[in-house]
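Worksheet: the structure to be examined is printed underneath.
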Amino acid sequence: MTYKMLKITNRLKIFISLIFVYTVIFLFLLNGFITSQLWSSIMPLAVAYALLMAITGFILGFKDKVIDSKIGLAFLYHFYTFIVVNVVGIVLWVLIFHKGSILNYFLGILVWGIGLLVHYLSSRKK
Numbered sequence: 101m102t103y104k105m106l107k108i109t110n111r112l113k114i115f116i117s118l119i120f121v122y123t124v125i126f127l128f129l130l131n132g133f134i135t136s137q138l139w140s141s142i143m144p145l146a147v148a149y150a151l152l153m154a155i156t157g158f159i160l161g162f163k164d165k166v167i168d169s170k171i172g173l174a175f176l177y178h179f180y181t182f183i184v185v186n187v188v189g190i191v192l193w194v195l196i197f198h199k200g201s202i203l204n205y206f207l208g209i210l211v212w213g214i215g216l217l218v219h220y221l222s223s224r225k226k
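Rendered as structure tokens:
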């Protein structure tokens, strides 16, 4: 992948900023629910987070125009979501949460990374 392939548009910058905020809020709420053992609140929180991310991506993505890119726009949004969510998750785990094993984060990153690779291979323009 080259820099030109990963060009950050203005709408993508907005998306990255929003998912950063969404992820920080989600992880703090998730940590609070786990600490308080509010198990029934975790699934609605996760669903709301996923829907908020998807709706934000669809709205900004449909309005975004990437010219002269060798990969699809959906992949760019997926790639930057992968980077932001995982970096924020690991940083907050190391600095604040320390719950569970860091190995769980890396296993999640591995599985998501395989999905990202498949998305990349299927999104390349001929």
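Position 81, counted from 1, in the sequence shown is what our numbering calls 181; the numbers after and before it change by one each time, with no gaps. All C-beta atoms in this analysis are idealised placements derived from N, C-alpha and C, irrespective of residue type, glycine included. Remember, it's a predicted structure, so these values are computed and weren't measured experimentally.
Take residue 223, set aside five residues on each side of it, and the residues of its chain with a beta-carbon closer than 6 Å to its own are 171, 172 and 175, in chain order. Taking each of 180, 189 and 204 in turn and checking the Cα distance to residue 219, the smallest one comes out for 180.
Annotation: residue 200 to residue 131 spans about 11 Å, alpha carbon to alpha carbon.
With a minimum length of 4 residues, the unbroken runs of alpha helix (DSSP H) contained wholly in the stretch 125-182 fall at 139-163.
Of the residues assessed, residue 115 falls on the buried side of the cut-off, its CB having 16 or more other CB atoms within 10 angstroms. Per DSSP, the beta-bridge partners of residue 224 are 171. In summary, residue 153 is buried, with 16 or more beta-carbon neighbours lying within 10 Å of its beta-carbon over all protein chains present. Annotated three-state conformation of residue 219 is helix, per DSSP.
Shown here for residue 192: same chain residues with a beta carbon closer than 6 Å to its own, the five before and five after excluded, namely 127 in chain order.
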